[in-house]
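Chains S and C, in that order, give the protein sequences.
So the first sequence is numbered by this note's numbering: it starts at 1 and just counts up by one.
So the second sequence is numbered by this note's numbering: it starts at 1 and just counts up by one.
Number of protein chains: 2
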Amino acid sequence: MTELATPLSSTARTRLGRKRDRAATDRAALHAILDEALVCHLGLVVDGAPVVLPTGYGRAGDTLYLHGSTGAASLRAAGAGTEVCVTVTLLDGIVYSRSVNNHSMNYRSAVIYGTPRELTERAEKLHGLRVLTDHLAPGSWEHAREVNAKEFAAVTVLALDLSEASVKMRSGAPADPPEDVRGVEAWAGVLPVHTTFGVPEPAPELAAETPVPAHVSGRKPAPGR
Amino acid sequence: MTELATPLSSTARTRLGRKRDRAATDRAALHAILDEALVCHLGLVVDGAPVVLPTGYGRAGDTLYLHGSTGAASLRAAGAGTEVCVTVTLLDGIVYSRSVNNHSMNYRSAVIYGTPRELTERAEKLHGLRVLTDHLAPGSWEHAREVNAKEFAAVTVLALDLSEASVKMRSGAPADPPEDVRGVEAWAGVLPVHTTFGVPEPAPELAAETPVPAHVSGRKPAPGR
């Protein structure tokens, strides 16, 4: 199971900065991971201890947007000059090897370090909310009621630069040593893991004949793939 | 989008401890979330800054097991009396509301705080490895080559008590205020998100007639559901 441990390393922290020749490839991979996943894990230090919380996000260019209620303590901390770590992980498969020890996962993950800034300028904050909505529910910004003044005031939007970020991934077949490939009679291979969308479930108050709009019914789990 | 911000709060930290009447329900929910998900996000404080890394895990009773190469710096830190936060999140659906602001996600998440201890006693460490394997790949412990002495020495196994843990979830239809239900002509409902397994992909060296064993071909994404 050693390979499973690969993500358990802090040495990738500045990978994008260090390996210049891989930077463009990594940058595209970083964007692809962020655009495909829906949930990130936001890490903060609160009273000296780590706190990891799941939340939504959105990306535009090399900026990641986060948001939350103005009453959320962790979000206030994140917006007040505190360093955060945002990690996004896509699980692609379970890797069955000839040995228990070489079992692994195929995955793609992005780790972003930085200090978010809170958006206070109206146009910039509205842009952030739009990016967040377009990521969570593409098409909803045009379809649903717009954000009113009270709602706009009650939400905090943070922007995090993607300058310090790293990407890790594993793909493909199990990596058994030759002696195991020859000498062990066990099945080996990959069980793919997929994320899919089910049949839309209309809210109970909707009239029965209300059509499901195309931005919901036609949504695909992995944009651009 | 206010509801999306619900997880962005540190107030749930001791929920299981505080609300005694909900403890049994929450304990069952905690176990169910941990048993269904495959990846956790491990949070640590390294040089004063948060680090969040994806990794595998396993659960037996009220103990969570983590593992990694003995060379992994973060894992060494986690095993050396450092407090960690382990978060597991299952995304169940995208909630489309009448207003952009009320869009949300249906999800189940578990947050565990504690200081893991490294397992050094042979039987206990082997048990931990088995729990980890049974979670990642049920049936592989019996099917694949067992862990040899060299591999056993090269892996670090950590045990984390589930005593300080909290569960958060959202399910069901959008929660639009009456004035939006009456006055906004937008589709509202939930787009379910599912995790599924694809067709097993045998390793290239396997003979073409090698059958896929039942523990792989019959595997279901959500045990017990």
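Backbone N, C-alpha and C fix where the C-beta goes; we use that ideal spot for every residue, glycine too.
Cβ closer than 7 Å: which chain S residues qualify as neighbours of C:Ile-94? Ordered by position in chain S, the residues that pass the 7 Å Cβ test against C:Ile-94 are Leu-136, Ala-137.
For C:Ala-149 and C:Leu-206, the rounded distance between their alpha carbons: Separation of C:Leu-206 and C:Ala-149 (C-alpha to C-alpha, rounded to the nearest whole angstrom) is 26 Å.
Anyone know if the C-beta pair for C:Tyr-96 and S:Ala-137 falls short of 8 Å? The Cβ atoms of C:Tyr-96 and S:Ala-137 sit closer than 8 Å to each other.
Decide if C:Arg-59 is buried, meaning its Cβ has at least 16 other Cβ atoms within 10 Å, or exposed. buried
Give the range of the beta strand (DSSP E) segment to which C:His-41 is assigned. 40 to 46
Are the Cβ atoms of S:Pro-221 and C:Gly-198 separated by less than 8 Å? In terms of Cβ geometry, S:Pro-221 and C:Gly-198 do not form a close pair [threshold 8 Å].
So, C:Tyr-57 versus C:Cys-40, is the Cβ gap smaller than 8 Å? yes
Would you kindly report the start and end of the unbroken alpha helix (DSSP H) that includes C:Lys-134? Lys is not the amino acid found at residue 134 of chain C; the sequence shown has Asp there. First-last of the alpha helix (DSSP H) with C:Asp-134: 122 to 136.
Give me the subset of the segment 136 to 169 of chain S whose CB atoms are less than 7 Å from a CB atom of chain C, sorted by chain position. Leu-136, Ala-137, Ser-140, Trp-141, His-143, Ala-144, Arg-145, Glu-146, Val-147, Glu-151, Ala-154, Val-155
Through-space distance from C:His-194 to C:Arg-98, alpha-carbon basis: 24 Å
Which residues, in chain order, does the segment 206 to 221 of chain C contribute to contact with chain S at a C-beta distance below 7 Å? Leu-206, Thr-210, Val-212, Pro-213, Val-216, Arg-219
Quick one: Cα of S:Thr-210 to Cα of S:Val-216, how far? 13 Å
Leaving out the 5 sequence neighbours to the left and right, which residues in its chain are closer than 6 Å to C:His-67 when beta-carbon positions are compared? Leu-132, Val-155, Val-157
What would DSSP say about S:Glu-151, mapped onto helix, strand or coil? DSSP places S:Glu-151 in the helix class (H, G or I) of the three-state scheme.
Taking only three categories from DSSP, how would you classify S:Val-212? Coil.
Give the interface partners of S:Ser-97 over in chain C, defined as CB-CB distance under 7 Å, in chain order. Ala-144
Which of the three DSSP states is assigned to S:Pro-192 in this structure? strand
Give me the chain C residues within the contact set of S:Ala-173, using Cβ-Cβ distance strictly less than 9 Å, ordered along the chain. Glu-201, Pro-202, Ala-203, Pro-204, Glu-205
Are the CB atoms of C:Ala-159 and C:Leu-34 nearer to each other than 8 Å? no
C:Asp-62: which of C:Ala-24, C:Pro-54, C:His-143 sits nearest, CA to CA? C:Ala-24
For C:Ser-140, which of helix, strand or coil comes out of DSSP? In the structure shown, the three-state DSSP call for C:Ser-140 is helix.
Hey, out of C:Ser-163, C:Gly-189, C:Glu-185, whose CA is closest to C:Gly-172's CA? In terms of Cα proximity to C:Gly-172, the closest of C:Ser-163, C:Gly-189, C:Glu-185 is C:Gly-189.
Does the beta carbon of S:His-127 come closer than 8 Å to any beta carbon on chain C? No, S:His-127 lies away from the interface with chain C (no Cβ there is under 8 Å from its Cβ).
Looking only at DSSP bridge pairs, what is C:Ala-80 linked to? C:Arg-117
Using a Cβ-Cβ cut-off of 6 Å (strictly less than) and excluding sequence neighbours within five positions of S:Trp-130, which residues of its own chain qualify? Strictly speaking, residue 130 of chain S in this sequence is Arg, with Trp absent from that position. Setting aside the 5 residues that flank it on each side, S:Arg-130 is surrounded in the same chain by Trp-141, each with a C-beta closer than 6 Å to its C-beta; the list follows chain order.
Just curious, the alpha helix (DSSP H) that S:Arg-182 is in, first and last residue? If you look at S:Arg-182, you'll find it in the alpha helix (DSSP H) that goes 178 to 183.
Please decide whether C:Asp-26 counts as near chain S, where near means a Cβ-Cβ distance under 8 Å. no
Would you mind working out which of C:Pro-202, C:Thr-82, C:Val-212 sits nearest C:Pro-116, comparing C-alpha positions? C:Thr-82
Please report the Cβ distance between S:Glu-164 and S:Ile-112, rounded to the nearest whole angstrom; I am assuming they are in contact, meaning their Cβ atoms lie under 8 Å. So it is a contact: roughly 7 Å between Cβ atoms.
Under 9 Å (Cβ pairs) to chain C, residues found in the segment 104 to 117 of chain S: So the close ones are Ser-104, Met-105, Tyr-107, Ser-109, Val-111, Tyr-113.
Going by the beta-carbon positions, is the gap between C:Val-45 and S:Pro-50 smaller than 8 Å? yes
Contacts that S:Val-131 makes with chain C (C-beta to C-beta distance below 7 Å): Those within 7 Å of S:Val-131 in chain C number zero; the least Cβ separation is about 12 Å.
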